[in-house]
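*Asks:* With the sequence shown counted from 1, adding 108 to any position gets you the numbering used here.
Cβ coordinates follow ideal geometry from the N, Cα and C atoms, glycine included.
This one's a predicted model, so the numbers in the text were calculated from it and none came from an experiment.
Mind looking over this structure? Questions follow.
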Amino acid sequence: MRIYRYWARAKESCTQGAQTFDVSTYGGSNLSVEDALRQAEERARAASRAIEHGSIGDEYAYSDRPLREEIVDEIGGEAVITRNAYGAQVINTPDVLFADVDLAEGGMASRLMNALADLLRRPSPKADDPWSRIGDGDGPNLPNVPGGVGRQIVLRLQRIVDVDRRMGLRLYRTHGGFRVLATTRTYQADRPEAERLMTDLGTDPLYMRLCRAQDCFRARLSPKPWRCGLEVPPTRFPRESDASQQRFEGWLRTYEQATRSYATCAFIGTFGREEVHPAVAPVLEAHDRLACAVDAPLA
């Protein structure tokens with residue numbers, strides 16, 4: 109995983125035409141601050157040369173950069189909880205597959221509907237089937253999902269576990285759609301079997317690219333601040349002054365108080381086998397404890 113404990117910033121002068129300016133980059137390391145600074149200096153020099161030659165490419169894209177996030181906790185020896193740029197906690201794991209199917213943004217609903225087109229000829233769930241209600245805003249805290257997509261994600265998961273009888277999948281509702289956690293085996297983010305499963309689930313391709321680039325799977329554990337009536341944190345990690353740290357800590361106290369009235373996801377049920385792989389168990393426990401322990405509006 110590209111998760112780093114130590115961070116440092118470096119600057120490098122850059123000339124473009126008649127203008128000279130500084131390029132600032134961060135470097136991360138799990139060895140020391142000094143090693144992080146060396147990484148930052150190398151990145152700054154590379155960025156400066158690229159700008160001067162007009163050759164900045166995809167290596168500077170968001171998904172391909174190490175995520176500058178503070179480590180909050182460690183789970184089961186390998187999984188790490190970090191705090192992302194907008195202040196939410198995120199679990200990062202090298203081998204436990206999470207897949208979010210976000211229906212609210214970027215045409216995800218359309219993408220999922222296309223992915224499920226082959227299932228439309230199958231019989232609909234019975235009226236008393238509890239799975240048939242998950243797309244209809246069932247319960248005071250579950251938002252509506254348009255177009256009966258809830259029923260179709262159920263059919264999709266059922267088809268997957270019917271094909272592979274060794275498979276176990278846990279389904280959750282999120283504010284914008286669904287989350288799936290694979291429980292009976294481990295995966296590697298850059299391997300074809302992980303990509304196939306996430307594609308079958310209708311996962312956002314940008315999320316899949318992020319998983320490959322960061323060499324891990326990620327799932328948000330705490331609410332997005334704007335869904336709780338809050339602004340994003342006033343400063344970014346790493347905070348380089350006491351004043352910056354104090355401003356963040358003030359924001360964090362407000363955020364933690366506000367998010368007590370919200371959950372990040374709601375557990376719906378298990379498809380396929382119910383056994384939990386030993387490597388998955390601590391991640392599953394932490395996820396459910398932190399993301400969906402309370403019956404509350406989803407944020």
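#1: Going along the chain, which residues of its own chain have a beta-carbon closer than 8 Å to the beta-carbon of E177, five neighbours each way excluded?
#2: When the distance is taken between beta carbons, is A155 closer than 8 Å to T133?
#3: Within 10 angstroms of the Cβ of T128, are there 16 or more other Cβ atoms? Answer buried if so, exposed if not.
#4: DSSP three-state label for G258, please.
#5: Do the region 368-380 and the region 179-187 touch if we need at least three Cβ pairs shorter than 8 Å?
#6: Would you tell me roughly how many angstroms separate the C-alpha atoms of G377 and Y114, rounded to the nearest one?
#7: Looking at R274: is its Cβ nearer than 8 Å to the Cβ of H385?
#8: Indicate the three-state DSSP secondary structure (helix, strand or coil) for V141 in the structure shown.
#9: List the DSSP bridge partners of T307.
#10: Do A158 and A116 have their C-beta atoms closer together than 8 Å?
#11: For R281, which beta-bridge partners are listed by DSSP?
#12: Take F286 and list the residues in its own chain whose beta-carbon comes closer than 7 Å to its own, dropping the five residues that flank it on each side.
#13: With a threshold of 7 Å on Cβ separation, who are the neighbours of S369 within its own chain once the five nearest residues in sequence on each side are excluded?
#14: G185 CB to nearest chain E CB: under 8 Å?
#15: Assign G414 to one of three DSSP states: helix, strand, or coil.
#16: Counting only the same chain and skipping the five closest in sequence on each side, list residues whose C-beta sits under 7 Å from that of N200.
#17: Grab me the residues of L398's own chain with a C-beta within less than 6 Å of its C-beta, minus the 5 sequence neighbours each way, in chain order.
#18: If you draw a straight line from the alpha carbon of T282 to that of L263, how long is it in whole angstroms?
#19: Measuring alpha carbon to alpha carbon, tell me which of V402, G337, M316 ends up nearest F425.
#20: Of all the beta strand (DSSP E) runs that stay within the bounds of the region 334-380, which reach a length of 3 or more residues?
#21: Would a C-beta distance cut-off of 8 Å place L175 and Q322 closer than the cut-off?
#22: If we ignore side chains and look at the alpha-carbon of each, how far apart do Y363 and R173 end up?
#23: Taking only the alpha-carbon atoms, compute the straight-line gap between H395 and L289 and give it to the nearest angstrom.
#24: Along the chain, where does the alpha helix (DSSP H) that runs through Q322 open and close?
#25: Please go through the region 154-211 and give each complete beta strand (DSSP E) segment of 3 or more residues, from N-terminal end onward.
*Replies:* Short version:
#1: Taking E177 as the centre and dropping the five residues before and after it, the same chain places the C-beta of I111, T190, R191, N192, A193, V198, F345 closer than 8 Å to its C-beta, in chain order.
#2: Contact flag set, yes.
#3: Exposed, since its Cβ has fewer than 16 Cβ neighbours within 10 Å.
#4: helix
#5: Short answer: they don't touch.
#6: 39 Å
#7: no
#8: helix
#9: Answer is none; T307 lacks a bridge partner.
#10: no
#11: F286, A374
#12: V209, I261, L279, Y280
#13: A404
#14: The question asks about chain E, but that chain is absent: this structure has only one protein chain.
#15: Examination of residue 414 is not possible in this model, given that the chain is present from 109 through 407 alone.
#16: M109, I111, A187, V188, T190, C324, R326
#17: L329
#18: 18 Å
#19: Absent from the model: residue 425. The displayed extent of the chain is 109 to 407, so no value can be given.
#20: 373-380
#21: Taking 8 Å as the Cβ cut-off, L175 and Q322 qualify as a contacting pair.
#22: 27 Å
#23: Taken atom to atom, the span from the alpha-carbon of H395 to that of L289 is near 10 Å.
#24: 313-322 is the span of the alpha helix (DSSP H), which, as asked, contains Q322.
#25: The region 154-211 contains these whole beta strand (DSSP E) runs: 178-183, 187-191, 197-201, 206-210.
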